[in-house]
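Asker: Numbers 175 to 709, taken from the working numbering, label the letters of the sequence shown in order. Note that CB positions come from ideal geometry on N, CA and C, so glycine has one too. Below is a structure I'd like to ask you about.
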Amino acid sequence: MLLMTTFPREPLADATARGPVPWSLDLSTTDDPQVVADQLHDDYSNHVVPPSMRLGRWQLTMSFWSLLSAMVWLFYGALAASLFGTVNAIIAIVATVIVYSLLNEIFARWAIRTGLNATLISRQTFGVLGATFVALLLAANTTYYAVFESSTLAVALAHYTPDWPIAVWYAIVCLCMLPLMLGGVQTFMAKLNGALLPVYYVGLVAAVIVTAIRFPVGSAWLDFDGVVPASERAYPGWLLASMLFMGIFMNMAMTMDFGRFGRVPDTGFHTKVTFGWVFNTLLFLVNGVAGIFLVRSVIPDEPAAETGVVTALITSMGVFGLLFIVISQTRINSLNYYESSTNFSRVITSLTGRRVPRLVLVVGLTILVFVLMLTDVFSYLDRMLGWQAGLFVGWMAILATHFVLTRGWRATEFRAQRMPRLSWGFAAWMVSAGVAIWLEESAHVPDRLAAIAPLVALVIAVVLYTAVFYRAPRRTPLAVSDVRDEVADPWAEYVRCTVCEKSYIAYEMDRNLHADDQGAICDACAIGNRARHFD
175 MLLMTTFPRE
185 PLADATARGP
195 VPWSLDLSTT
205 DDPQVVADQL
215 HDDYSNHVVP
225 PSMRLGRWQL
235 TMSFWSLLSA
245 MVWLFYGALA
255 ASLFGTVNAI
265 IAIVATVIVY
275 SLLNEIFARW
285 AIRTGLNATL
295 ISRQTFGVLG
305 ATFVALLLAA
315 NTTYYAVFES
325 STLAVALAHY
335 TPDWPIAVWY
345 AIVCLCMLPL
355 MLGGVQTFMA
365 KLNGALLPVY
375 YVGLVAAVIV
385 TAIRFPVGSA
395 WLDFDGVVPA
405 SERAYPGWLL
415 ASMLFMGIFM
425 NMAMTMDFGR
435 FGRVPDTGFH
445 TKVTFGWVFN
455 TLLFLVNGVA
465 GIFLVRSVIP
475 DEPAAETGVV
485 TALITSMGVF
495 GLLFIVISQT
505 RINSLNYYES
515 STNFSRVITS
525 LTGRRVPRLV
535 LVVGLTILVF
545 VLMLTDVFSY
555 LDRMLGWQAG
565 LFVGWMAILA
575 THFVLTRGWR
585 ATEFRAQRMP
595 RLSWGFAAWM
605 VSAGVAIWLE
615 ESAHVPDRLA
625 AIAPLVALVI
635 AVVLYTAVFY
645 RAPRRTPLAV
655 SDVRDEVADP
665 WAEYVRCTVC
675 EKSYIAYEMD
685 RNLHADDQGA
695 ICDACAIGNR
705 ARHFD
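Structure below.
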């Protein structure tokens with residue numbers, strides 16, 4: 175039962191100067207049952223996750239670790255080794271584990287402390303619309319990966335029905351995946367992936383052992399030097415291989431989206447295990463080296479291709495290889511569909527102020543995935559990775575720079591009414607990303623610059639954001655009182671929104687600028703106001 179109490183508050187001076195005295199706040203110390211029911215499926219996509227709704231450490235870990243089983247991680251390792259040699263690829267993978275672990279510690283801790291997803295955290299650096307673009311970018315990229323992983327599974331199944339059109343398997347995969355993609359972090363996502371995780375790693379180890387027995391190559395897989403001659407490399411092979419892994423900095427946005435469900439007392443565990451060095455070692459090093467070994471052992475004379483890992487697994491293990499692929503794709507697509515649907519939800523809410531049920535989003539996403547599968551997703555993988563690298567490297571660099579230049583998570587402000595629509599930080603991001611994409615696409619750029627386009631984007635983003643952080647004009651403070659200052663503890667009290675009449679944690683609440691009584695308003699309703707009132 176929701177206990178609701180009204181505490182009269184003296185309005186602050188800046189609030190009374192605006193005119194009418196603000197309404198008193200309707201406070202409670204327990205979760206609103208209606209909010210709990212709504213967010214069981216929406217997973218607080220457009221709200222702060224309150225402390226009471228945080229998850230146990232292993233429930234969160236198993237949900238996020240669905241990311242471990244994507245075929246794309248085996249492919250990245252195989253691709254890096256194919257281009258620049260096995261030793262260089264392994265060095266790049268180790269460097270990637272170190273870099274990702276250090277950065278994920280910042281982003282995971284930030285999300286756990288604030289209960290904010292990547293979109294809400296990004297508002298302070300890019301503005302409300304800029305943060306919405308982050309959500310759109312993340313939704314688009316996870317949709318792409320859902321297409322990639324589903325296509326991989328369809329290709330594997332098609333090995334056994336060569337007379338069937340591949341589109342038939344595309345449709346079957348999408349329809350069979352749909353029921354499993356409806357779960358969220360708070361429902362059965364952890365149970366599904368926790369049960370399948372041991373099966374995945376048993377299968378991966380079995381694949382390596384069977385391959386070593388059936389295709390004995392000794393140390394030849396380690397001695398491979400890559401198809402790009404050393405004389406044609408603008409930089410050392412390990413550095414060039416590292417550029418490939420910079421294209422997936424979007425993982426840090428997903429770290430925030432899941433990290434917000436972590437309990438503050440579990441911060442140390444999550445920054446080391448769930449999102450830290452343990453996770454990244456499994457994700458990049460174990461998967462990457464396995465991918466290198468499988469491809470170099472089974473199909474050493476073929477160039478690394480997106481379907482190469484599938485071919486290696488089925489050639490080595492037969493139907494058991496197919497079963498392994500089915501399990502891995504089920505796990506990773508539960509995350510892809512979850513991330514894509516929740517981020518599309520944020521985009522729709524930010525632009526229209528309306529909430530769309532997650533069921534509708536997942537069904538629509540399934541249709542979109544099927545249509546995109548028909549476009550031959552493998553044909554434009556490399557270009558997508560290049561563009562993605564430029565965009566997400568700049569995003570990560572600016573957020574990390576902001577964290578360093580401020581008091582970290584303690585200085586986080588995200589509420590819609592207190593943020594500009596676009597900020598100078600967004601301009602810095604677009605410039606850095608634009609330069610990176612130009613370096614990738616232009617035929618007139620020196621090879622030494624084109625080869626390190628992600629690094630160039632990182633440097634430009636850091637320099638430009640530092641400049642605008644100190645030089646850009648500050649936003650004028652709102653002429654209303656701050657709900658956070660009107661309650662005893664913004665993390666322990668809930669405030670009823672006068673628009674939707676639901677109670678949310680006081681940390682996200684604000685006073686309504688567009689109401690004469692300045693009643694309390696939740697962030698989702700405040701976004702709706704901004705969609706209707708261009709301010």
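Rounded to a whole number of angstroms, what is the C-alpha to C-alpha distance between Thr-293 and Ala-386?
Answerer: Along the sequence shown, read from residue 1 onward, the residue named residue 293 stands at position 119. Along the sequence shown, read from residue 1 onward, the residue named residue 386 stands at position 212. One C-alpha to the other measures close to 45 Å.
Asker: Quick one: give me the first and last residue of the alpha helix (DSSP H) that Val-630 is part of.
Answerer: On the sequence shown, position 456 is the one that residue 630 refers to. That run of the alpha helix (DSSP H) goes 627-645.
Asker: Give every residue of the same chain whose Cβ lies closer than 7 Å to the Cβ of Arg-648, excluding the five residues on either side of it in the sequence, and list them in chain order.
Answerer: Within the sequence shown, numbered from 1, the residue matching residue 648 stands at position 474. Correct list: empty, nothing qualifies.
Asker: The beta strand (DSSP E) spanning Arg-670 covers which residue range?
Answerer: Locating residue 670 in the sequence shown gives position 496, counting from the first residue. Residues 668-670.
Asker: Between the beta-carbon of Val-670 and the beta-carbon of Asn-220, is there less than 9 Å?
Answerer: Taking the first residue of the sequence shown as 1, we reach residue 670 at position 496. Taking the first residue of the sequence shown as 1, we reach residue 220 at position 46. Val is not the amino acid found at residue 670; the sequence shown has Arg there. In this structure, Asn-220 does not lie closer than 9 Å to Arg-670 by Cβ.
Asker: What's the C-alpha gap between Ala-574 and Leu-277?
Answerer: Numbered from its first residue, the sequence shown carries residue 574 at position 400. Numbered from its first residue, the sequence shown carries residue 277 at position 103. So the two alpha carbons sit approximately 8 Å from each other.
Asker: Using CA coordinates, which residue listed in Phe-600, Met-424, Ala-653 is at the minimum distance from Tyr-274?
Answerer: Numbered from its first residue, the sequence shown carries residue 274 at position 100. Out of Phe-600, Met-424, Ala-653, Met-424 has the C-alpha closest to the C-alpha of Tyr-274.
Asker: I'd like to know whether the C-beta atoms of Arg-505 and Leu-356 end up nearer to each other than 9 Å.
Answerer: On the sequence shown, position 331 is the one that residue 505 refers to. On the sequence shown, position 182 is the one that residue 356 refers to. Not closer than 9 Å, so no.
Asker: Quick one: is Ser-514 near chain B, going by C-beta distance under 9 Å?
Answerer: Structure shown: chain B not included; a single protein chain is present.
Asker: Would you report the Cα separation of Val-567 and Leu-354, rounded to the nearest angstrom?
Answerer: In the sequence shown, residue 567 corresponds to position 393, counting from 1. In the sequence shown, residue 354 corresponds to position 180, counting from 1. When rounded, the distance between both Cα atoms is 32 Å.
Asker: Using only the alpha-carbon positions, how far apart do Asn-703 and His-688 sit?
Answerer: As a working note, residue 703 is residue 529 in the sequence shown. As a working note, residue 688 is residue 514 in the sequence shown. Using only the alpha carbons, I get a separation of about 8 Å.
Asker: What does DSSP give as the partner residue(s) for Gly-436 in the beta ladder?
Answerer: Start at 1 with the first residue of the sequence shown, and residue 436 comes out as number 262. BP columns for Gly-436 point to Leu-229.
Asker: Please report how far the alpha carbon of Pro-194 lies from the alpha carbon of Val-654, in whole angstroms.
Answerer: Sequence index remark: in the sequence shown, residue 194 carries index 20 (1-based). Sequence index remark: in the sequence shown, residue 654 carries index 480 (1-based). Interpretation of Pro-194 is limited by its pLDDT of 45, a score under 50 that renders its predicted location unreliable; the figure taken from the coordinates is listed afterwards. Going from the Cα of Pro-194 to the Cα of Val-654 covers about 11 Å.
Asker: Assign Asp-440 to buried or exposed, taking buried as 16 or more other Cβ atoms, counted over all protein chains shown, within 10 Å of its Cβ.
Answerer: For this step, residue 440 is matched to residue 266 along the sequence shown. Per the 10 Å Cβ criterion, buried.
Asker: Just verifying my parser: in three-state terms, what is the DSSP assignment at Val-195?
Answerer: Against the sequence shown, residue 195 aligns to sequence position 21. Note that Val-195 scores a pLDDT of 45, beneath 50, so its modelled location is shaky; the value from the coordinates is reported in the next line. In this structure, Val-195 counts as coil in the three-state DSSP scheme.
Asker: Please check the pair Thr-650 and Gln-503, which I expect to be a contact at CB under 8 Å, by giving their CB distance rounded to whole angstroms.
Answerer: The residue given as residue 650 occupies position 476 in the sequence shown. The residue given as residue 503 occupies position 329 in the sequence shown. Between Gln-503 and Thr-650 the Cβ distance is about 51 Å, and since that is not below 8 Å, they are no contact.
Asker: Anyone know if the C-beta pair for Gln-298 and Thr-640 falls short of 9 Å?
Answerer: Residue 298 sits at position 124 when you count from the first residue of the sequence shown. Residue 640 sits at position 466 when you count from the first residue of the sequence shown. Cβ atoms of Gln-298 and Thr-640: not closer than 9 Å.
Asker: Let me check one thing: in DSSP terms, what residues is Ile-695 bridge-paired to?
Answerer: Taking the first residue of the sequence shown as 1, we reach residue 695 at position 521. Partner(s): Asp-684.
Asker: Within 8 Å, do at least three Cβ pairs link the stretch 447-460 to the stretch 301-310?
Answerer: Output reads no: the stretch 447-460 does not touch the stretch 301-310.
Asker: Whose C-beta lies closer than 6 Å to the C-beta of Val-712 among residues of the same chain, with five residues either side of it excluded?
Answerer: As displayed, the chain neither begins before 175 nor continues past 709, which places residue 712 out of reach and without an answer.
Asker: According to DSSP, is Thr-219 helix, strand or coil?
Answerer: Start at 1 with the first residue of the sequence shown, and residue 219 comes out as number 45. According to the sequence as given, residue 219 is Ser; it is not Thr. Coil at Ser-219, not helix or strand.
Asker: Fully enclosed by the stretch 228-279, which alpha helix (DSSP H) runs are 4 residues long or longer?
Answerer: Entirely contained in the stretch 228-279, the alpha helix (DSSP H) runs reaching 4 residues are, in chain order, 231-238, 245-258.
Asker: Once DSSP output is grouped into helix, strand and coil, what is the label at Pro-185?
Answerer: For the purposes of this step, residue 185 is identified with residue 11 of the sequence shown, where counting begins at 1. Residue confidence is low: Pro-185 scores 36 on pLDDT, short of 50, so the model does not pin down where it sits. No coordinate-derived value is stated.
Asker: Looking at Ser-655 and the ligand GTP, is the gap between the Cβ and the nearest heavy atom below 8 Å?
Answerer: By its list of ligands, the structure shown contains no ligand whatsoever, and the ligand GTP lies outside what it can speak to.
Asker: Who are Ile-679's beta bridge partners in DSSP?
Answerer: Working through the sequence shown from its first residue, we reach residue 679 at position 505. Partner(s): Tyr-668.
Asker: Pick out whichever of Gly-230, Val-493, Ser-519 has its Cα sitting closest to the Cα of Ala-380.
Answerer: Taking the first residue of the sequence shown as position 1, residue 380 is located at position 206. When only C-alpha atoms are compared, the closest one is Val-493.
Asker: Taking the beta carbon of Gly-230 as the centre, do at least 16 other beta carbons fall within 10 Å, making it buried, or is it exposed?
Answerer: For the purposes of this step, residue 230 is taken as residue 56 along the sequence shown, with counting starting at 1. That one is exposed.
Asker: Rounding to the nearest angstrom, what Cα-Cα distance links Ala-351 and Ala-330 in this structure?
Answerer: Locating residue 351 in the sequence shown gives position 177, where the first residue counts as 1. Locating residue 330 in the sequence shown gives position 156, where the first residue counts as 1. The residue you asked about is not Ala; residue 351 is Met in the sequence shown. Cα-Cα distance, rounded: 15 Å.
Asker: Have a look at Ala-314 and Thr-204 and give me their C-alpha separation to the nearest angstrom.
Answerer: Here residue 314 refers to the residue found at position 140 when the sequence shown is read from its first residue. Here residue 204 refers to the residue found at position 30 when the sequence shown is read from its first residue. Computed Cα separation, rounded: 36 Å.
Asker: Nearest to Val-500 by alpha carbon, out of Val-384, Ala-610, Val-347, Trp-395?
Answerer: For the purposes of this step, residue 500 is taken as the residue at position 326 of the sequence shown. The shortest C-alpha separation from Val-500 is found at Val-347.
Asker: Can you check whether the CB of Thr-429 is closer than 9 Å to the CB of Phe-281?
Answerer: Looking up residue 281 in the sequence shown gives position 107. Looking up residue 429 in the sequence shown gives position 255. Result yes, Cβ atoms of Phe-281 and Thr-429 sit closer than 9 Å.
Asker: Can Glu-134 and Asn-454 be called in contact, C-beta distance under 9 Å?
Answerer: With the chain represented from 175 up to 709, any question about residue 134 goes unanswered, as that position is not in the structure.
Asker: Is it the case that the stretch 692-703 contacts the stretch 595-604, given that we only count it when at least three CB pairs across the two stretches are under 8 Å?
Answerer: These segments do not touch.
Asker: Taking the alpha helix (DSSP H) that Ile-505 falls in, what are its first and last residues?
Answerer: Sequence index remark: in the sequence shown, residue 505 carries index 331 (1-based). Residue identity differs from the one stated: residue 505 is Arg in this sequence, not Ile. Here the alpha helix (DSSP H) through Arg-505 covers 493-526.
Asker: Please check the pair Met-417 and Ala-607, which I expect to be a contact at CB under 8 Å, by giving their CB distance rounded to whole angstroms.
Answerer: Taking the sequence shown and counting its residues from 1, the one referred to as residue 417 is at position 243. Taking the sequence shown and counting its residues from 1, the one referred to as residue 607 is at position 433. Not really, about 15 Å apart at Cβ, beyond 8 Å.
Asker: Give me the Cβ distance between Arg-532 and Ser-515, rounded to the nearest whole Å; I'm assuming they're in contact under 8 Å.
Answerer: For the purposes of this step, residue 532 is identified with residue 358 of the sequence shown, where counting begins at 1. For the purposes of this step, residue 515 is identified with residue 341 of the sequence shown, where counting begins at 1. Right, their Cβ atoms sit about 6 Å apart.
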